[in-house]
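**Student:**
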Ligand code: 5GP
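Numbering (the numbering used here), first residue to last: 236 to 420.
1. Confirm the yes/no value for this check: CB of residue 285, any heavy atom of ligand 1, distance under 6 Å.
2. Please check the pair residue 408 and residue 248, which I expect to be a contact at CB under 8 Å, by giving their CB distance rounded to whole angstroms.
3. With residue 323 and residue 292 assumed to form a contact (beta carbons below 8 Å), what rounded beta-carbon distance in angstroms separates them?
4. Taking buried to mean at least 16 other C-beta atoms within 10 Å of its own C-beta, is residue 288 buried or exposed?
5. Can you name the start and end residues of the beta strand (DSSP E) that residue 382 belongs to?
6. Within the chosen definition, does the stretch 395-408 reach the stretch 379-387 through at least 3 CB pairs nearer than 8 Å?
7. From residue 360 to residue 367, what does the alpha carbon distance come to, in whole angstroms?
8. Rounded to the nearest angstrom, what separates residue 245 and residue 328 at their Cα positions?
9. How about residue 306 and residue 321: are their beta carbons less than 7 Å apart?
10. With DSSP as the reference, please indicate the residues paired to residue 394 in a beta bridge.
11. Compute the distance between the beta-carbons of residue 334 and residue 276, then report whether it is under 7 Å.
12. State the DSSP-derived secondary structure class of residue 252, mapped to helix, strand or coil.
13. Residue range of the alpha helix (DSSP H) that residue 288 falls in?
14. Just checking residue 378 against ligand 1 - is the residue's beta carbon closer than 6 Å to any of the ligand's heavy atoms?
15. Would the C-beta of residue 248 count as close to ligand 1, meaning under 6 Å from any of its heavy atoms?
16. Which partner residues of residue 320 appear in the DSSP bridge assignment?
17. In angstroms, rounded to a whole number, what distance separates the CA positions of residue 354 and residue 263?
18. Buried or exposed: which applies to residue 369, given that a residue is buried once 16 or more other Cβ atoms fall within 10 Å of its Cβ?
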């Protein structure tokens, strides 16, 4: 599937790549200011956060390291299973470290609230969340998201790291797919 055929499946571009780039730059500046003098550990949630993480880290003017976790939330469909499982844990010991979780989108918040609870038990010096997108109307768990890119409506979005059934992650914009593409929405 090439870029043209992927864009053919798109009903609407919700956030163009240039706007995302600007927002990620702002977030990087805020993070740099807030953690000035410290060393950061960025924890990306696989696989959707990979794109925003790679852009964001180049806008953070501090020493920082990366680690990743993989957590099951959704299958290949578009609705939450409510099942949260750690599929891949961190390689790093986070005790005494400043940890910033990087997420692509927070929907119900169930996945991240579970993760935050579990990581807090490992005694990090600090633990905050940065998410590119949030769907506030869908929230079921209370979460403090210190760094947020954009609020989006209750639509299933793809692109800039976000997938549908594994595809569309490399679209440069955040897009809404045509209804007929999402078979089980
Ligand atoms: P939550 O536990 O907050 O309901 O689920 C968060 C996860 O659900 C995200 O990391 C993402 O994998 C997936 N998700 C939620 N909404 C969307 C969406 O609109 N598009 C895509 N591609 N994934 C979503």
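Using N, Cα and C, we set each Cβ at its ideal position, and we do this for glycine too.
**Tutor:** Taking the structure as given:
1. Result no, Cβ not under 6 Å from ligand 1.
2. About 5 Å separates the two Cβ atoms, so the contact holds.
3. That pair is no contact at about 19 Å.
4. Residue 288 should be labelled buried.
5. The continuous beta strand (DSSP E) containing residue 382 extends over residues 382-386.
6. Because the criterion of three Cβ pairs below 8 Å is not met, the stretch 395-408 and the stretch 379-387 do not touch.
7. Taking the straight line from one Cα to the other gives about 23 Å.
8. Straight-line Cα distance between these residues: approximately 41 Å.
9. It is a contact, given that the beta carbons lie within the stated cut-off.
10. Per DSSP, 397.
11. Less than 7 Å divides the Cβ of residue 334 from the Cβ of residue 276.
12. In this structure, residue 252 counts as helix in the three-state DSSP scheme.
13. The continuous alpha helix (DSSP H) containing residue 288 extends over residues 285-292.
14. Distances between the C-beta of residue 378 and the heavy atoms of ligand 1 are all 6 Å or more.
15. Not one heavy atom of ligand 1 falls within 6 Å of the beta-carbon of residue 248.
16. Looking at the DSSP assignment, residue 320 forms a beta bridge with 307.
17. One C-alpha to the other measures close to 23 Å.
18. A buried status is given to residue 369, since no fewer than 16 other beta-carbon atoms sit within 10 Å of its beta-carbon.
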